[in-house]
Amino acid sequence: MRRNGVPSFDERLLEALSTAPGVSGGEEAVREAVVAAVRDQVDSLEIDAMGSLVARLAPAAARPAGRRATSPAFRPPHVMLCAHMDEVGLMVTAIEKEGRLKIRKVGGIDSRILVGQVFRVGASGLRGVVGTLPPHLIPRADRDKVTPIEDLYLDIGASSREDAGRAVAVGDYAVFDTAYERWGTTRKGKAFDDRAGCAILASLVQRRPPIPITAVWSVQEEVGLRGAAGAARRVAPDLAIVLEGTASGEMPGAQPGEAAPRMGGGPALTVHDRSLMADARLVDLLERTARDHRIPTQWKRPGVGGTDAGRIALSGAGVPAAVVSVPCRYIHAPAAYLDIRDAQRTVSLIWHTLETLRKEWP
Amino acid sequence: MPSENGRGTAEWLQLLTSLPGVPGHEAAAAAGIAKAFALHADRVDRDRSGNIRGWLDGVGAAPRPRALLAAHMDRIGFLVKGIEPGGFLRVTELGGFDTRTLLGKEVLIHSRPPMPALFATKPPHLQKKGESERVPTVEDLYLDAGRSEREIRRRVPLGTMVTLRQPPIELLGGRMAAPGMDDRAGVVVLLRTLELLARDRPGWDVVAVATVEEEFGVLCLGARTASEGLDPQLGIAVDVSHGDMPGAREGDTVPLGGGPALSVGANIHPRVLEGLRRAARGLKMPYQIEACPIGSGTDAMDIQIAREGIPTAVIGIPCRYMHTGVETVEPRDVDRCAQLLAGYLRALPVDWRATEVLK
Chain A
1 MRRNGVPSFD ERLLEALSTA PGVSGGEEAV REAVVAAVRD QVDSLEIDAM GSLVARLAPA
61 AARPAGRRAT SPAFRPPHVM LCAHMDEVGL MVTAIEKEGR LKIRKVGGID SRILVGQVFR
121 VGASGLRGVV GTLPPHLIPR ADRDKVTPIE DLYLDIGASS REDAGRAVAV GDYAVFDTAY
181 ERWGTTRKGK AFDDRAGCAI LASLVQRRPP IPITAVWSVQ EEVGLRGAAG AARRVAPDLA
241 IVLEGTASGE MPGAQPGEAA PRMGGGPALT VHDRSLMADA RLVDLLERTA RDHRIPTQWK
301 RPGVGGTDAG RIALSGAGVP AAVVSVPCRY IHAPAAYLDI RDAQRTVSLI WHTLETLRKE
361 WP
Chain B
363 MPSENGRGTA EWLQLLTSLP GVPGHEAAAA AGIAKAFALH ADRVDRDRSG NIRGWLDGVG
423 AAPRPRALLA AHMDRIGFLV KGIEPGGFLR VTELGGFDTR TLLGKEVLIH SRPPMPALFA
483 TKPPHLQKKG ESERVPTVED LYLDAGRSER EIRRRVPLGT MVTLRQPPIE LLGGRMAAPG
543 MDDRAGVVVL LRTLELLARD RPGWDVVAVA TVEEEFGVLC LGARTASEGL DPQLGIAVDV
603 SHGDMPGARE GDTVPLGGGP ALSVGANIHP RVLEGLRRAA RGLKMPYQIE ACPIGSGTDA
663 MDIQIAREGI PTAVIGIPCR YMHTGVETVE PRDVDRCAQL LAGYLRALPV DWRATEVLK
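Line by line, the protein sequences give chains A and B. For the first sequence, counting from 1, position 48 maps to 48 in this note's numbering; every step adds exactly one. For the second sequence, counting from 1, position 34 maps to 396 in this note's numbering; every step adds exactly one.
Put into structure tokens, the structure is as follows:
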């Protein structure tokens, strides 16, 4: 599907990225997959000191400007597009005498979902289950309490420290063991926050953009928006748009105001969250572009969450920044849902926004 | 233990745990188990309650006594009880799930064709203070199949069965984790026992019964009706026992790989237990004793009180994380349980009875 030269969303890449392990600080497998997908399309490709991937693309040869008249002096802005490669997961912190693995969370995981969950551990993807005492053996009063992670462990079936040590090491990461699936327009998979953004960004660079862009696949977003800071400094863009997978709000009994954005309702635009006041001119331009191209959009629930955009906005003398997100159900959980139409709509919205920016930017 | 037809114990565990079948809805499991039993039994039939019975004739002089081996084929699960606006589904629970493990889990709604879904609840940032520190109950949870309300209403009638959608996984040392090890692992023990006994038959007739509705909670319906129907002179239930886990009190669990767990207590006839211990020693097989002071919580509870009272024993397969999606067993323990049962039954004198005539 290619309308008006808009690149198609690469779903096979989303599947590959969703399945790849990449907990904050261990994004190598995801980075390799992105490199393979974009290497031939970009002008330069670098891995920065923290591990973020930075790709630069010069615009296509000048074409006559559109209907809107532009002054010859107008220089289109240099845009940074950013999506983070890392996902929430676990780290092995110790191997016990009996071969059990002690674990800690990396990033925000709801403790309630851990018990009985299957994880893939280390580079080999060895499977382990999160064990704890069964309810039959727990005092009745404690049964409805959430077990703290200190009392949980990964059981890989090892019978001793030596046995386990042959397969895993302290410091290994573990990710949810979730398959990618297609049900109608719904897609189910691991780590759509933010492999959805990574795949959208990789899809966008398959075509030469109308203005200069630098694409950044950042590291360590889930542990404090850390990777984007250095990358933004290096890129020093005129403005930035962050591509995210964000939490959608629909659920039984949702109150008005809780229920947005909705999966399948189009890309969600951020007004503000805990990390950022989105640049109002940029948000206005995104919204206007969406309207012009009949792309449905919605508002992300204000005031919650935080993204790399918060870091990028504070970079150097300041960078106008905005966030465009694919609404996903159940982010930070073993399996999330998104609507594949929202991914293509986000590609289209960003593409058309770059075209708009070729003609105007205050 | 390799099998005659080439299927190993791990493979059978994988196959049988993957069959659905919550209490009262065992048909799919029953069909698969009947086929498996038929590989080794002389006859296989289904009784009026839905129990699957694999018959193996003994070599003693007729009329021969009859031993009943029971493992339940139902597994814990859910039924759809309501559909909410937006297409979200509410379920009712069959058998006591470890509710701490449900949130975020994938399930299969057994519509035609089956439909995958997820257990979900209000996300942390929309909860009231304190809510996220409590384990959500089944009432707090809903299923999200990622489909329109219209499609859900068209395809999912109320009462549709729902099971955890966790494929069996292999861990180090050949250990296996899957939902439904409780008690499909027991059914595999029965299957292996039939296989061993068909090769070298005991004096007694043996009926291996995959029972229905053990997890229903009121009574072990299948075990009760099977015992009434068969009038056995001996009944042995094979079920899972809590495996070793850190934090468990001494005596509450039995180690994985430690061999069959033999229950001791009021539900167990001491002479049957003694016979099983003797058989284990004869086979030079490790075994463990599990104290069940009040009840065993297995089919043996209802076998024991059927007819005029039936001498019973319980053989336990060590299993970690019971009533979750990752019930974990060691196939070697499953093999040993079968070898023990076969050894015990072969050594059983044809005239052995628990009843004693004193005068």
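Quick reminder that beta carbons are idealized off the backbone N, C-alpha and C, glycines included. Please read all numbers here as calculations on a predicted model, not as lab measurements.
Exposure of residue i, with buried meaning 16 or more beta-carbon neighbours within 10 Å
{"i": "S348 (chain A)", "result": "buried"}
{"i": "H136 (chain A)", "result": "exposed"}
{"i": "E689 (chain B)", "result": "buried"}
{"i": "F119 (chain A)", "result": "buried"}
{"i": "S625 (chain B)", "result": "buried"}
{"i": "R226 (chain A)", "result": "buried"}
{"i": "P608 (chain B)", "result": "exposed"}
{"i": "T379 (chain B)", "result": "buried"}
{"i": "G253 (chain A)", "result": "exposed"}
{"i": "G55 (chain A)", "result": "Note on identity: in this sequence residue 55 (chain A) is Ala, with Gly being the wrong assignment. With 16 or more Cβ atoms within 10 Å of its Cβ, A55 (chain A) is classed as buried."}
{"i": "I95 (chain A)", "result": "buried"}
{"i": "P693 (chain B)", "result": "buried"}
{"i": "E576 (chain B)", "result": "buried"}
{"i": "L13 (chain A)", "result": "buried"}
{"i": "R2 (chain A)", "result": "Residue placement at R2 (chain A) is poorly supported in this model, since its pLDDT is 47, which falls under 50; the coordinates are not used for a value here."}
{"i": "G613 (chain B)", "result": "exposed"}
{"i": "D601 (chain B)", "result": "buried"}
{"i": "I598 (chain B)", "result": "buried"}
{"i": "S658 (chain B)", "result": "buried"}
{"i": "I656 (chain B)", "result": "exposed"}
{"i": "W299 (chain A)", "result": "exposed"}
{"i": "T186 (chain A)", "result": "buried"}
{"i": "G579 (chain B)", "result": "exposed"}
{"i": "G157 (chain A)", "result": "buried"}
Pair within 8 Å by beta-carbon distance, residue i and residue j
{"i": "V106 (chain A)", "j": "V35 (chain A)", "result": "no"}
{"i": "Y153 (chain A)", "j": "K97 (chain A)", "result": "no"}
{"i": "T178 (chain A)", "j": "A335 (chain A)", "result": "yes"}
{"i": "G264 (chain A)", "j": "R329 (chain A)", "result": "no"}
{"i": "R274 (chain A)", "j": "G305 (chain A)", "result": "yes"}
{"i": "G266 (chain A)", "j": "T297 (chain A)", "result": "yes"}
{"i": "T356 (chain A)", "j": "L285 (chain A)", "result": "yes"}
{"i": "Y504 (chain B)", "j": "A482 (chain B)", "result": "yes"}
{"i": "E590 (chain B)", "j": "R669 (chain B)", "result": "yes"}
{"i": "V324 (chain A)", "j": "A232 (chain A)", "result": "no"}
{"i": "E388 (chain B)", "j": "V574 (chain B)", "result": "yes"}
{"i": "S160 (chain A)", "j": "G99 (chain A)", "result": "yes"}
{"i": "E27 (chain A)", "j": "G51 (chain A)", "result": "yes"}
{"i": "I677 (chain B)", "j": "P594 (chain B)", "result": "no"}
{"i": "A78 (chain A)", "j": "P237 (chain A)", "result": "The question names Ala, yet the displayed sequence has His at residue 78 (chain A). Their beta carbons are under 8 Å apart, which means H78 (chain A) touches P237 (chain A) by this criterion."}
Given residue i as reference, the closest of the options once Cα atoms are compared
{"i": "I651 (chain B)", "options": "B:R517, B:M477, B:G420, B:I630", "result": "B:I630"}
{"i": "D567 (chain B)", "options": "B:L378, B:W417, B:P385, B:L377", "result": "B:W417"}
{"i": "L269 (chain A)", "options": "A:P327, A:P212, A:K145", "result": "A:P327"}
{"i": "D48 (chain A)", "options": "A:V323, A:V235, A:T246, A:P134", "result": "A:V235"}
{"i": "L354 (chain A)", "options": "A:E11, A:R262, A:L57", "result": "A:L57"}
{"i": "E181 (chain A)", "options": "B:A479, B:T499, B:V574", "result": "B:A479"}
{"i": "G316 (chain A)", "options": "A:Q344, A:G230, A:V242, A:R329", "result": "A:G230"}
{"i": "P476 (chain B)", "options": "B:P711, B:A400, B:M523, B:V616", "result": "B:M523"}
{"i": "A433 (chain B)", "options": "B:L702, B:D661, B:T686, B:L720", "result": "B:D661"}
{"i": "L645 (chain B)", "options": "B:R586, B:P427, B:A700, B:P385", "result": "B:A700"}
{"i": "Q41 (chain A)", "options": "A:I113, A:S203, A:H84, A:P296", "result": "A:S203"}
{"i": "L534 (chain B)", "options": "B:G492, B:G619, B:D460, B:V518", "result": "B:G619"}
{"i": "L375 (chain B)", "options": "B:V500, B:D544, B:I438, B:L638", "result": "B:D544"}
{"i": "H272 (chain A)", "options": "A:R262, A:P362, A:D308, A:R140", "result": "A:D308"}
{"i": "A572 (chain B)", "options": "B:L377, B:G370, B:A393", "result": "B:A393"}
{"i": "I109 (chain A)", "options": "A:R207, A:M91, A:S44", "result": "A:M91"}
{"i": "W183 (chain A)", "options": "B:D506, B:R611, B:G565", "result": "B:D506"}
Practice task
Quick one: which unbroken beta strand (DSSP E) runs of 3-plus residues sit fully inside the stretch 71 to 103 of chain A? Chain order, please.
Solution key: 79 to 84, 89 to 95
Problem - alpha helix (DSSP H) runs wholly inside the stretch 91 to 163 of chain A, at least 4 long, in chain order - result: none
Exercise for the section: Go through the stretch 373 to 429 of chain B residue by residue and report every complete run of the alpha helix (DSSP H) that reaches 4 residues or more, in order. Expected result: The qualifying runs are 389 to 399.
Handout entry: Sequence ranges, beta strand (DSSP E) only - wholly within the stretch 591 to 624 of chain B, length at least 3
Key = Counting only runs of 3 or more, we get 596 to 604.
Exercise for the section: Could I get the ranges of all uninterrupted beta strand (DSSP E) runs contained in the stretch 519 to 557 of chain B, with 3 residues as the minimum, in chain order? Expected result: Whole beta strand (DSSP E) segments, 3+ residues: 523 to 526, 538 to 540.
Exercise for the section: Would you check if there are 3 or more beta carbon pairs closer than 8 Å linking the stretch 445 to 461 of chain B to the stretch 504 to 511 of chain B? Expected result: yes
Problem - alpha helix (DSSP H) runs wholly inside the stretch 174 to 251 of chain A, at least 4 long, in chain order - result: If only uninterrupted alpha helix (DSSP H) runs of at least 4 residues are considered, those enclosed by the stretch 174 to 251 of chain A are 192 to 204, 227 to 235.
Practice task
Evaluate contact between the stretch 200 to 216 of chain A and the stretch 279 to 292 of chain A, counting only Cβ atoms and requiring at least three cross-stretch pairs below 8 Å.
Solution key: Judged by Cβ distances under 8 Å, the stretch 200 to 216 of chain A makes no contact with the stretch 279 to 292 of chain A, as fewer than three pairs qualify.
Practice task
Assess, as a yes-or-no matter, whether the stretch 79 to 96 of chain A is touched by the stretch 455 to 475 of chain B under the definition of 3 or more beta carbon pairs within less than 8 Å.
Solution key: Cβ pair count under 8 Å is below three, so no.
Handout entry: Inter-stretch contact at 8 Å, needing at least 3 Cβ pairs: the stretch 182 to 198 of chain A / the stretch 154 to 166 of chain A
Key = no
Practice task
Please confirm if the stretch 634 to 644 of chain B is in contact with the stretch 548 to 565 of chain B, defined as three or more CB-CB distances below 8 Å between the two stretches.
Solution key: no
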